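Student: In this note's numbering, the protein residues as written are 87 to 506.
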């Protein structure tokens, strides 16, 4: 079954086409053949309302025996939970964000307290489930509007009531679809939690295995935790003593012939999510590379470090590449440090970079500043022990992030194929 093509149509035309079409999703559970129903939210749900204002000072950041009911807001962090309260308003209903990140619907299980940026849909017919959430989410973006002051997006109760969406008439089909999305979402949440856990482990290892940098003080010469057999003091060095610091550059973007080649050319947005980077989104031609003298080709094993705007994003080059001017990259002097040891020190380098640019209009650190940053050094043998451990954590993080990306892609595909 191919769904209607709404491309280029106005909202009124899209609604008319949806109402006139006999809709069945392309992917369906066996034994369900009935066409889906199309109607407006106000005709499907028994009540459309909104949460109540509350002072966040009245809530607690963590739940306890009394303050056990989550407070939901329009925020996207922490799955929308802004705190915990000793009173609740609703349970097992659909909530949506009225303002800000407007129009995102969620099935909220259990007892909770929504504030006034959170709308509520109530059904006495069992329609509060994940299937209805995804069916509504598929079209709410069409009804979101800019507020009167043009400060943010809104989807108020009246506008939500007018949302036209399609859903399975049979409650059993709704429940099967709902269970599928519930299972996928649980997997996503579990992966996100494991990633956060390993990120904490990674930070903890850095804090314990590497001597502490003391701003305007005497840096520590011994780590908190150490491998057996190592007792000597560490030494501190300027970063430029251990690596070659390399800046990047950008050829004229007005010359089309400079782009579209096969020379990797990274930007900060492409770095920081994984340990290694392999291929850039945009690539330079030979002419583009030659036209930009500051875009130096760097070898495999170079540590890329974003030094503008979002400071501290880092990755290791798995292939030769150049970068734009948003980087100060590190080519290790192999007789002194390994690539992975420098990569392990990124939190310390980032701390110094952020301190240097504090108070400036545009976050940026220069090549000269970066060269003068200080880092601790130990023997190659102890470096190897440390990086053997930290690299295992990084590999697990990369694996978990790959699994998360695949699961999110699966979920997106299910939305496209199982909903009308």
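Ideal placement from N, C-alpha and C gives every residue a C-beta, glycine not left out. Since the structure is predicted, the reported quantities are computational estimates derived from the model, not experimental observations.
If you follow the beta strand (DSSP E) that residue 423 is part of, which residue opens it and which one closes it?
Tutor: Within the chain shown, numbered from 1, the residue matching residue 423 stands at position 337. Segment: none, residue 423 is in no beta strand (DSSP E) and carries neither H nor E.
Student: Could you tell me if residue 219 is buried or exposed, where buried requires 16 or more neighbouring beta carbons within 10 angstroms of its beta carbon?
Tutor: Start at 1 with the first residue of the chain shown, and residue 219 comes out as number 133. Label assigned to residue 219: buried.
Student: What do you get for residue 350, buried or exposed, if any count of 16 or more other CB atoms within 10 angstroms of its CB means buried?
Tutor: In the chain shown, the residue the question calls residue 350 occupies position 264. Flag for residue 350 reads buried.
Student: Can you tell me where the alpha helix (DSSP H) holding residue 476 begins and where it ends?
Tutor: By 1-based counting over the chain shown, the position of residue 476 is 390. Here the alpha helix (DSSP H) through residue 476 covers 466 to 504.
Student: Cα-Cα, which of 311, 304, 450, 302 is closest to residue 333?
Tutor: In the chain shown, the residue the question calls residue 333 occupies position 247. Closest option to residue 333, Cα to Cα, is 450.
Student: Taking its Cβ as the centre, do 16 or more other Cβ atoms sit within 10 Å of residue 293, making it buried, or is it exposed?
Tutor: Counting from one through the chain shown, the residue named residue 293 turns up at place 207. Classification for residue 293: exposed.
Student: Give me the Cα-Cα distance between residue 392 and residue 502, rounded to the nearest whole angstrom.
Tutor: Numbered from its first residue, the chain shown carries residue 392 at position 306. Numbered from its first residue, the chain shown carries residue 502 at position 416. One C-alpha to the other measures close to 36 Å.
Student: How would you write the range of the beta strand (DSSP E) that residue 350 sits in, first residue to last?
Tutor: By 1-based counting over the chain shown, the position of residue 350 is 264. Segment 345 to 352, the beta strand (DSSP E) holding residue 350.
Student: Since residue 364 is in the alpha helix (DSSP H), which residue starts that stretch and which ends it?
Tutor: What you label residue 364 is simply residue 278 of the chain shown in a count that begins at 1. Counting along the chain, residue 364 falls outside any alpha helix (DSSP H), and DSSP gives it neither H nor E.
Student: Judging by CA-CA distance, which residue of 401, 239, 147, 379 is the nearest neighbour of residue 366?
Tutor: Taking the first residue of the chain shown as position 1, residue 366 is located at position 280. It is 401.
Student: Please state the DSSP three-state secondary structure of residue 315.
Tutor: Residue 315 sits at position 229 when you count from the first residue of the chain shown. Residue 315: coil per DSSP, three-state reduction.
Student: Report yes if the C-beta distance between residue 329 and residue 389 is below 9 Å; otherwise report no.
Tutor: Within the chain shown, the letter at position 243 stands for residue 329. Within the chain shown, the letter at position 303 stands for residue 389. A contact, by the Cβ cut-off of 9 Å.
Student: Where does residue 267 sit, in a helix, a strand or coil, going by DSSP?
Tutor: One-based indexing of the chain shown puts residue 267 at position 181. Correct three-state label for residue 267: helix.
Student: Check residue 226 in the structure and name its three-state DSSP category.
Tutor: If you number the chain shown from 1, residue 226 lands on position 140. Three-state DSSP puts residue 226 in a helix.
Student: Let me know if residue 248 comes out buried or exposed under the rule of 16 or more other beta-carbons within 10 Å of its beta-carbon.
Tutor: Residue 248 sits at position 162 when you count from the first residue of the chain shown. Looking at its Cβ environment, which holds fewer than 16 other Cβ atoms inside 10 Å, residue 248 is exposed.
Student: Less than 9 Å separating the beta-carbons of residue 203 and residue 160?
Tutor: Locating residue 203 in the chain shown gives position 117, where the first residue counts as 1. Locating residue 160 in the chain shown gives position 74, where the first residue counts as 1. Yes; because the gap between Cβ atoms is below 9 Å, this pair is in contact.
Student: Who are the near neighbours of residue 456 in its chain, counting only those whose CB is closer than 6 Å to its CB and skipping five residues on each side?
Tutor: Position 370 of the chain shown, counted from the first residue, corresponds to residue 456. Once the five neighbours on either side are set aside, the close Cβ partners of residue 456 are 331, 414.
Student: From 178, 95, 201, pick the residue whose C-alpha is nearest to that of residue 138; which is it?
Tutor: Numbered from 1 along the chain shown, position 52 holds the residue referred to as residue 138. When each option's Cα is compared against that of residue 138, the closest is 201.
Student: Please give me, in chain order, every unbroken run of the alpha helix (DSSP H) with length at least 4 that falls completely inside the segment 388 to 456.
Tutor: 425 to 430, 432 to 442, all fully within the segment 388 to 456.
Student: When the distance is taken between beta carbons, is residue 464 closer than 9 Å to residue 321?
Tutor: As a first step, residue 321 is located in the chain shown; it is residue number 235 there, counting from the start. As a first step, residue 464 is located in the chain shown; it is residue number 378 there, counting from the start. For residue 321 and residue 464, yes; Cβs fall inside 9 Å.
Student: Suppose you measure from the CA of residue 97 to the CA of residue 175; what does that come to, to the nearest Å?
Tutor: Position 11 of the chain shown, counted from the start, is the residue given in the question as residue 97. Position 89 of the chain shown, counted from the start, is the residue given in the question as residue 175. Distance between the alpha carbons of residue 97 and residue 175 is about 34 Å.
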